[in-house]
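Position one of the sequence shown corresponds to residue -5 (this note's numbering), numbered consecutively onward.
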Amino acid sequence: MATDPLPLAQALIRCRSVTPADDGAMAMLEAALAPLGFACRRLRFGEVENLFARRGAGGPHLCFAGHTDVVPPGDAGAWTADPFGGEVRAGLLYGRGATDMKGAIAAFVAAVADRLAARPEAPGSLSLLITGDEEGPAVDGTARVLEWMAAHGQVPDMCLVGEPTSRARLGDVIKIGRRGSLNAAITLHGVQGHVAYPQRADNPVHRLLRVLHGLIARPLDQGTEWFEPSSLQVTSVDVGNAATNVIPAAARARLNIRFNDRHTGESLARMLRAALEAEGARFDLEVSVSGEAFLTRPGPFVEALKRAVRRATGEEPVLDTGGGTSDARFIARYCPVAELGAVGTTMHKADECTPVAELRALAALYRAVIEEALG
């Protein structure tokens, strides 16, 4: 009889682990893994609890990566269920993390239990990299655990991230990459003055508008083999000028660039700096890159995932690189990584939920992944 992922999913949902709180989630997961023969190592960095657990020492080594932290529930009045209750109603499991992604963690643990029950001496090794800092700054989570893994000879041969990637049906999408993300804050300085005497001032608003127009006037690229075109979006233009007869001394803007593998954060920062320098005014530019674009090209690991999806669900999965960022951006520096999980239509919403039948199907899919990847 297949192991039911529902009880563990409910128990994890009942932990109020809003980033960076843990509220017992890691201990609960460790208690589920230790009886299965996993050596568990709790890794705390800053305020963040993380867990690395591995069973077996040989190769191939498949790692499952996920996060127990969740976003805040938001307006409690918008929920019809307790966000941290783990309630099942009309075949749906409700709660923050049901889809993103406590349900997936429970499904993988159930898949491992079934695999070990059927083949306790199966080849290869399995591990879990679980963080409490995916929905937050992502500084003391997966990136730090990976550094620890590399230092201790625990880098896997391949990694599956359990993000809710499916669009309409379980297994219809496998994410094999993600675009990078760059945020920029621009301050363009001028000379304050009276609007009636513009020749005595230097209007930074006009200069800033020219720069921004130049940046958005033409596409950054036309897309690549696996990625859609890069996108530059101005998210804010601020002057803070309450007077109608004063040219301000400075004007500010913020923008975000979601970029494909034709660019790097460094190359885009150079592009922004060149555009500002061409305007010929004094400026400040602050750039932060939360992740570079990455791609796991189709190969043995991706083909194993596709076979598992066909076998478990009958779907022919689409390989995709869209959406926002995930912790896969850190893992891609170490090994091939892909993302495969539940249908994500309710993630981060009020009444986040997942069908119980889909949760159990996800456990069956993950067992197929283990078998296809490890043999």
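By construction, the Cβ of each residue, glycine as well, lies at the ideal position given by its N, Cα and C atoms. All of these numbers come straight from a predicted model, not from anything done at the bench.
Contact fails between the stretch 326 to 342 and the stretch 268 to 284, because fewer than three Cβ pairs, one in each stretch, are under 8 Å apart. Between the alpha carbons of residue 319 and residue 166 lies a distance of about 19 Å. Spanning the alpha carbons of residue 103 and residue 214 requires a straight line of approximately 43 Å. Taking each of 302, 23, 226 in turn and checking the Cα distance to residue 123, the smallest one comes out for 23. In this structure, DSSP gives residue 348 an extended state, which the three-state scheme calls strand. As the crow flies, the alpha-carbon of residue 2 is around 14 Å from that of residue -4. By the C-beta criterion, the stretch 293 to 313 is judged not to be in contact with the stretch 10 to 29, since fewer than 3 inter-stretch pairs fall below 8 Å. Between residue 301 and residue 366, the alpha-carbon positions lie close to 7 Å from each other.
Under the three-state reduction of DSSP output, residue 284 falls in the strand class.
With 16 or more other CB atoms across the displayed protein chains lying within 10 angstroms of its CB, residue 173 is buried.
Between the C-alpha atoms of residue 159 and residue 317 there is a straight-line separation of about 9 Å. As the crow flies, the alpha-carbon of residue 314 is around 21 Å from that of residue 364.
Bounds of the beta strand (DSSP E) holding residue 152 are 152 to 155.
Rounded to whole angstroms, residue 70 and residue 89 show a C-alpha spacing of 12 Å. Burial state of residue 257 is buried, judged by a 10 Å Cβ sphere holding 16 or more other Cβ atoms.
By the neighbour-count criterion, in which a residue is buried when 16 or more other Cβ atoms sit within 10 angstroms of its Cβ, residue 40 is exposed. It is roughly 11 Å from the alpha-carbon of residue 207 to the alpha-carbon of residue 200.
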